[in-house]
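Presented below is the structure to which this report refers.
Protein chains: 2
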Amino acid sequence: MNTILSQSPIFKGLQPPEIENLLVQVPHQIRHFHKDDLLAVAGEEVKTAMILLEGKLQGEMVDFSGNSLKIEELIPPQMVAAGFLFGKKSRFPVNLSAMADGEMLIILKPNFTRLLSLDNRVLNNFLNIISDKAQFLSRKISFLNFKTIREKIAFFLLQHYKSGFRNIPLKQNQQSLAEMFGVARPSLARTIGELQREGILEWRRGEVEIKNAEVLKSILQ
Amino acid sequence: MNTILSQSPIFKGLQPPEIENLLVQVPHQIRHFHKDDLLAVAGEEVKTAMILLEGKLQGEMVDFSGNSLKIEELIPPQMVAAGFLFGKKSRFPVNLSAMADGEMLIILKPNFTRLLSLDNRVLNNFLNIISDKAQFLSRKISFLNFKTIREKIAFFLLQHYKSGFRNIPLKQNQQSLAEMFGVARPSLARTIGELQREGILEWRRGEVEIKNAEVLKSILQ
DNA sequence: TGAAAAGTGTAACAGCTGTTACAATTCGGT
DNA sequence: ACCGAATTGTAACAGCTGTTACACTTTTCA
Numbered sequence: 002m003n004t005i006l007s008q009s010p011i012f013k014g015l016q017p018p019e020i021e022n023l024l025v026q027v028p029h030q031i032r033h034f035h036k037d038d039l040l041a042v043a044g045e046e047v048k049t050a051m052i053l054l055e056g057k058l059q060g061e062m063v064d065f066s067g068n069s070l071k072i073e074e075l076i077p078p079q080m081v082a083a084g085f086l087f088g089k090k091s092r093f094p095v096n097l098s099a100m101a102d103g104e105m106l107i108i109l110k111p112n113f114t115r116l117l118s119l120d121n122r123v124l125n126n127f128l129n130i131i132s133d134k135a136q137f138l139s140r141k142i143s144f145l146n147f148k149t150i151r152e153k154i155a156f157f158l159l160q161h162y163k164s165g166f167r168n169i170p171l172k173q174n175q176q177s178l179a180e181m182f183g184v185a186r187p188s189l190a191r192t193i194g195e196l197q198r199e200g201i202l203e204w205r206r207g208e209v210e211i212k213n214a215e216v217l218k219s220i221l222q
Numbered sequence: 002m003n004t005i006l007s008q009s010p011i012f013k014g015l016q017p018p019e020i021e022n023l024l025v026q027v028p029h030q031i032r033h034f035h036k037d038d039l040l041a042v043a044g045e046e047v048k049t050a051m052i053l054l055e056g057k058l059q060g061e062m063v064d065f066s067g068n069s070l071k072i073e074e075l076i077p078p079q080m081v082a083a084g085f086l087f088g089k090k091s092r093f094p095v096n097l098s099a100m101a102d103g104e105m106l107i108i109l110k111p112n113f114t115r116l117l118s119l120d121n122r123v124l125n126n127f128l129n130i131i132s133d134k135a136q137f138l139s140r141k142i143s144f145l146n147f148k149t150i151r152e153k154i155a156f157f158l159l160q161h162y163k164s165g166f167r168n169i170p171l172k173q174n175q176q177s178l179a180e181m182f183g184v185a186r187p188s189l190a191r192t193i194g195e196l197q198r199e200g201i202l203e204w205r206r207g208e209v210e211i212k213n214a215e216v217l218k219s220i221l222q
């Protein structure tokens with residue numbers, strides 16, 4: 002476990018023995034979960050720090066009408082709900098569910114606070130993590146603010162295109178992407194179809210080939 | 002100044018003499034600004050912690066097409082861009098501009114880090130501030146995810162209605178509200194007109210009277 | 001007080017998206 | 001290799017929003 006944890010952002014810069022030494026001083030436990038388990042409901046109080054050790058989680062916002070917007074997918078060894086452990090109302094902003102079997106390390110809030118005070122590097126890491134979180138949410142807002150589906154697709158693809166590869170691997174299916182974009186699945190498929198007919202890209206299962214990056218860029222103006 | 006600062010979230014729980022004592026140990030300075038000054042551009046690096054002492058700021062996201070989305074308005078003695086001081090890419094997520102003359106206390110990042118280590122209460126306050134920030138952004142996402150303008154208006158008004166007052170004071174004009182909602186001004190006005198004709202509310206300059214809260218609530222289902 | 005600026009109400013139209021439904025294709029497990 | 005499930009493609013239609021333009025009202029400030 003400590004080898005996983007040493008790669009975790011919260012323990013960045015610490016050697017496994019150092020991590021072990023810290024964890025001895027801080028009560029903690031392991032929580033196992035299974036695929037499709039609902040680990041937390043939006044609005045529920047966040048009482049523990051959680052570090053994902055194995056498996057895959059997703060956070061999803063569901064509004065009153067039942068529309069769901071997938072905010073993020075979490076993979077080990079990320080912290081879960083890091084930005085929501087402190088603050089006036091420390092409540093889950095999303096429904097947290099498991100996409101695969103796994104386990105996580107959980108530390109009660111007061112114990113976690115103690116952990117932060119035990120090692121300055123951990124504290125600094127935590128500051129960085131919640132800041133990254135805020136930045137992530139902020140980028141999310143700016144992304145969701147794109148008016149059209151064309152713009153969202155263009156932005157999404159160009160983000161991954163920078164590296165110069167014409168082919169962009171897709172880790173998610175259209176349904177999942179549509180949820181991340183906050184749009185309906187058939188609407189996404191329609192726009193993809195249009196972009197293909199215009200010769201801008203070719204969307205296959207599992208990957209997209211950018212055939213005309215210039216036109217794609219021009220969508221974002 | 003220290004009396005203002007003692008009401009600031011970052012110095013919560015500290016007496017003015019204690020604050021003074023801390024500030025003596027931490028280099029800082031005052032930055033004055035005028036109405037409509039552009040204090041920071043989105044993408045610019047955040048190099049200092051900023052505490053607003055006087056005046057009013059706004060943070061606005063502007064996308065490639067020039068659409069702007071007002072994220073928040075800041076009043077003293079709040080911290081500015083608190084969630085963006087640390088993290089991998091500490092960059093402004095918004096254009097920061099002054100809505101009124103004012104001044105702020107600025108502390109260079111390394112000095113601010115030192116301040117955090119000097120007093121545990123300040124550190125704890127800061128953790129709470131960025132967590133609140135993350136929660137704010139998260140609520141913003143969930144708000145922007147409402148599909149229709151009707152829903153946004155309903156949610157916005159019901160937030161302020163809880164206290165039982167039928168009349169809700171409006172601190173912003175329609176243009177400003179439309180920017181917060183991420184919609185066009187005439188579209189907002191149109192929907193307001195519809196809601197009025199349906200007898201649900203009466204929208205006057207500076208205030209809204211809720212005439213039928215039940216129907217308003219039913220919009221959010 | 002009067003003129004300019006800011007704010008608000010309204011309309012018509014085009015464009016985009018959600019919804020629903022179904023067909024076609026591909027995938028996964030046996 | 002087969003079958004059921006999951007994924008993707010497509011269509012028609014209704015509904016909502018953005019755009020643009022202009023009239024009207026209120027506020028601001030000289």
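So the protein lines, in turn, are chains A and B.
For the first sequence, the working numbering gives the first residue as 2, with consecutive numbering after it.
For the second sequence, the working numbering gives the first residue as 2, with consecutive numbering after it.
Don't be surprised by glycine CBs; every beta carbon is placed ideally from N, CA and C.
Here the structure is a predicted model, which means the values were calculated and not measured.
Out of A:Ile193, A:Leu116, A:Asn168 and A:Thr192, point me to the one whose CA is closest to glutamine 26 of chain A's CA.
A:Leu116
Cross-chain neighbours of glycine 84 of chain B in chain A, by beta carbon under 9 angstroms
Gly84, Ile131, Ser132, Lys134, Ala135, Gln136, Leu138 and Ser139
Extent of the continuous alpha helix (DSSP H) to which isoleucine 211 of chain A belongs:
Unbroken run through isoleucine 211 of chain A is the beta strand (DSSP E), 208-211; no alpha helix (DSSP H).
Evaluate lysine 36 of chain A with the Cβ neighbour count: other Cβ atoms within 10 Å of its Cβ, from every protein chain shown; 16 or more gives buried, anything less gives exposed.
exposed
Output the distance between the C-alpha atoms of leucine 23 of chain A and phenylalanine 12 of chain A, rounded to the nearest integer angstrom.
10 angstroms
What residue range does the beta strand (DSSP E) around leucine 75 of chain B cover?
69-75
Report buried or exposed for threonine 149 of chain B, applying the criterion of at least 16 other Cβ atoms within 10 angstroms of its Cβ.
exposed
I'd like to know whether the C-beta of aspartate 64 of chain B is nearer than 9 angstroms to at least one C-beta of chain A.
yes
Any chance the region 156-165 of chain B sits against the region 107-123 of chain B, with 3 or more Cβ pairs inside 8 angstroms?
no
Within 10 angstroms of its Cβ, does proline 28 of chain A collect 16 or more other Cβ (buried), or is it exposed?
exposed
Exposed or buried, leucine 75 of chain B, counting other C-beta atoms within 10 Å across all chains shown (16 or more means buried)?
buried
Span separating the alpha-carbon of threonine 50 of chain A from that of methionine 105 of chain B
Here residue 50 of chain A is alanine; the residue named in the question, threonine, does not match the sequence. Approximately 34 angstroms between the Cα atoms of the pair.
Taking leucine 113 of chain B as the reference, which of A:Glu73, A:Asp102, A:Met100 and A:Leu128 has the closest Cα?
First, the residue type needs correcting, since residue 113 of chain B is phenylalanine and not leucine in the sequence shown. The residue with the shortest Cα to Cα distance from phenylalanine 113 of chain B is A:Leu128.
If you draw a straight line from the C-alpha of glutamate 203 of chain B to the C-alpha of aspartate 38 of chain A, how long is it?
46 angstroms
For valine 25 of chain A, which three-state DSSP category applies?
helix
Could you work out which residue in A:Leu189, A:Glu215 and A:Pro94 is closest to isoleucine 72 of chain A when comparing CA atoms only?
A:Pro94
Reduced DSSP category for threonine 231 of chain A - H, G, I as helix; E, B as strand; rest coil:
Outside the shown range of chain A (2 to 222) lies residue 231 of chain A, about which nothing can therefore be said.
Could you tell me whether the Cβ atoms of isoleucine 154 of chain A and methionine 62 of chain B are closer together than 9 angstroms?
no
Among the residues of its own chain, which have a CB less than 6 angstroms from the CB of alanine 41 of chain B, if the five just before and after it don't count?
Phe93 and Leu97
Return yes when the C-beta of proline 94 of chain A is under 8 angstroms from any heavy atom of the ligand ZN, and no when it is not.
This structure does not include the ligand ZN; it has no bound ligands of any sort.
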